[in-house]
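Below is one structure, written out as structure tokens; the observations come after it.
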Amino acid sequence: MALSEITKVAIILTAFFLPILTYLYYTGSLRSKSSGPLPPPTKITSLFIYPIKSCHGISVPSTRLLPTGLDLDRQWMWVTYPDYKFLTIRNLSKMTLIRPSYDASTDTLSITAPAPNSIDGKLGFSIPAHPSSEWLASNTEIVPATVWSTTTTAHCYSTKLTGPFNEFFGKEVRLVYKPPVSDSPRALNGNGAKKVLGRDASTCFADLMPVLVGCENSIAELNERLKKADDLTIDITRFRPNILVKGHEPWSEDRWKSVRLTPSVGAAAWKLGMDSLGLDVVARCARCHVPNVDTETGEEHKRQPWDTLMKYRRIDPGITFKPCFGMLCVPRVKGGKIDVGMQLEVTQTTDSHRYVSGM
Ligand SMILES: *[C@@H]1O[C@H](CO)[C@@H](O)[C@H](O)[C@H]1NC(C)=O
């Protein structure tokens with residue numbers, strides 16, 4: 103019996119591909135790494151940028167997601183002088199009273215803080231939010247700045263601008279800047295290191311990863327507990343998320359493995375073929391005492407939310423002595439616009455998150 107040409111081709115193709123497909127299946131490459139069904143899309147309810155590490159944040163309706171994080175997020179930081187070591191809320195809780203504001207019409211970042219020993223006096227200065235290399239060359243000098251265990255090159259501003267802030271800190275400080283695109287990117291460590299993530303990724307001055315995603319449903323659940331324990335509720339900005347979403351079941355984000363951001367249903371941009379923005383969810387965010395600081399007053403609560411979190415949120419096998427809140431993400435994008443109202447879709451979940459120290 104003569105086989106038709108098509109049948110012959112089919113047999114040859116099957117003989118060729120079947121072993122390859124079988125191999126890929128058994129090595130896991132073709133099996134879904136998800137466990138359980140994926141949740142429905144949830145909505146972005148706020149976007150926050152914290153231009154200067156540890157200082158007050160800004161809520162924005164829209165911004166750009168860059169490989170290093172949200173535009174203008176933690177591209178600046180205060181450092182000691184003369185050794186350029188990072189300063190955070192952990193060193194001085196009132197750093198959160200330093201308020202950056204952004205004027206899009208002039209692309210300017212203005213920084214103000216209450217003047218010490220004064221009732222309503224203010225310190226302040228303004229700088230270009232997206233400085234050109236010419237501006238940086240004539241107004242800053244290159245210094246080695248240290249964040250935790252990594253040292254990276256940064257642009258240091260003149261004390262003609264920042265001098266009055268020495269008084270606020272009670273010591274000599276400098277302000278440094280790292281542009282999101284740099285010849286010497288600050289490579290991610292820990293769960294973001296190349297050998298773990300599988301590609302090169304970097305950020306500016308965030309502790310660990312480019313983006314922190316938080317869920318309203320989880321902070322609401324935490325607030326119920328705080329209300330019972332200490333008659334207290336706290337604002338989400340204490341956890342310094344960048345992308346806040348409504349979320350699903352409280353804490354179900356603990357298992358997210360990858361997500362993508364897509365325009366809200368019916369948005370015109372979607373029809374124009376706008377790409378979705380993918381992010382790898384690389385780790386849970388293990389917390390320190392920083393969320394105990396009220397971001398409006400700079401005052402640190404002696405117990406909460408730390409004590410409550412320690413009771414039920416020590417859930418990561420890689421860092422059992424710290425409670426977790428929020429998910430650390432690394433964008434898989436060259437850049438894209440991101441807006442409040444966009445949808446976040448969970449594209450993969452996992453049971454094997456494990457925090458790898460990267461500080
Ligand atoms: C600021 O706090 C960090 C984190 O606790 C610490 O590593 C650093 O040495 C402190 N720096 C100064 C100047 O106190």
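Residue numbers (my numbering): 103 to 461. Here a beta-carbon is modelled for each residue, glycine too, at the ideal position from N, C-alpha and C.
Pick out whichever of the options has its Cα sitting closest to the Cα of residue i.
i, options, result
"residue 459", "190, 251, 147", "251"
"residue 161", "155, 167, 151", "151"
"residue 450", "356, 213, 264, 396", "356"
"residue 246", "272, 141, 182, 138", "182"
"residue 142", "340, 436, 348", "348"
"residue 176", "326, 311, 217, 271", "311"
"residue 197", "260, 234, 313, 340", "340"
"residue 190", "414, 307, 292, 258", "307"
"residue 258", "166, 379, 237, 289", "237"
"residue 406", "199, 222, 333", "333"
"residue 436", "408, 410, 378, 448", "378"
"residue 298", "455, 185, 107", "455"
"residue 354", "452, 107, 404, 328", "452"
"residue 202", "387, 448, 154, 256", "154"
"residue 185", "330, 397, 273, 326", "273"
"residue 414", "434, 328, 207", "328"
"residue 397", "387, 419, 336, 346", "336"
Excluding the 5 residues preceding and the 5 following residue i in the sequence, name in chain order all residues of the same chain whose CB lies nearer than 8 Å to its CB.
i, result
"residue 422", "416"
"residue 164", "149, 439, 440, 441, 442"
"residue 342", "150, 152, 159, 314, 392"
"residue 404", "394"
"residue 361", "315, 380, 381, 383, 431, 446, 447, 448, 449"
Does at least one heavy atom of ligand 1 sit under 8 Å from the Cβ of residue i?
i, result
"residue 192", "yes"
"residue 196", "no"
"residue 334", "no"
"residue 188", "yes"
"residue 182", "yes"
"residue 358", "no"
"residue 250", "yes"
Write down the C-beta distance between residue i and residue j rounded to the nearest angstrom, noting that I regard them as a contact closer than 8 Å.
i, j, result
"residue 344", "residue 171", "7 Å"
"residue 277", "residue 358", "No, residue 277 and residue 358 are not in contact; Cβ-Cβ is about 35 Å, not under 8 Å."
"residue 254", "residue 280", "7 Å"
"residue 389", "residue 352", "With 8 Å as the limit, residue 389 and residue 352 do not qualify as a contact, their Cβ atoms being about 16 Å apart."
"residue 461", "residue 302", "So it is not a contact: roughly 19 Å between Cβ atoms."
"residue 215", "residue 267", "7 Å"
"residue 220", "residue 241", "28 Å between Cβ atoms; not a contact."
"residue 448", "residue 140", "5 Å"
"residue 457", "residue 293", "7 Å"
"residue 346", "residue 410", "At roughly 20 Å, the Cβ-Cβ gap does not stay under 8 Å, so residue 346 and residue 410 are not in contact."
Who are the near neighbours of residue i in its chain, counting only those whose CB is closer than 7 Å to its CB and skipping five residues on each side?
i, result
"residue 444", "146, 363, 364, 365, 366"
"residue 231", "174, 204, 209, 210, 211"
"residue 129", "The pLDDT assigned to residue 129 is 44, lower than 50, so where the model puts this residue is not dependable, and the model offers no usable value."
"residue 187", "181, 248"
"residue 264", "227, 276, 277"
"residue 304", "170, 287, 288, 289, 290"
"residue 218", "269, 270"
"residue 419", "456"
Could you tell me whether any Cβ in chain B is nearer than 9 Å to the Cβ of residue i?
i, result
"residue 452", "No chain B is present in this structure, which holds just one protein chain."
Leaving out the 5 sequence neighbours to the left and right, which residues in its chain are closer than 6 Å to residue i when beta-carbon positions are compared?
i, result
"residue 402", "195, 394, 395"
"residue 138", "none"
"residue 400", "195, 196, 198, 199"
"residue 412", "425"
"residue 107", "none"
If you pair each beta-carbon of the region 215–227 with each one of the region 281–300, do three or more pairs fall below 8 Å? In this structure the region 215–227 does not touch the region 281–300; the number of beta carbon pairs closer than 8 Å is below three.
Within 8 Å, do at least three Cβ pairs link the region 378–389 to the region 430–438? Touching, yes, given that three or more Cβ pairs across the two stretches are closer than 8 Å.
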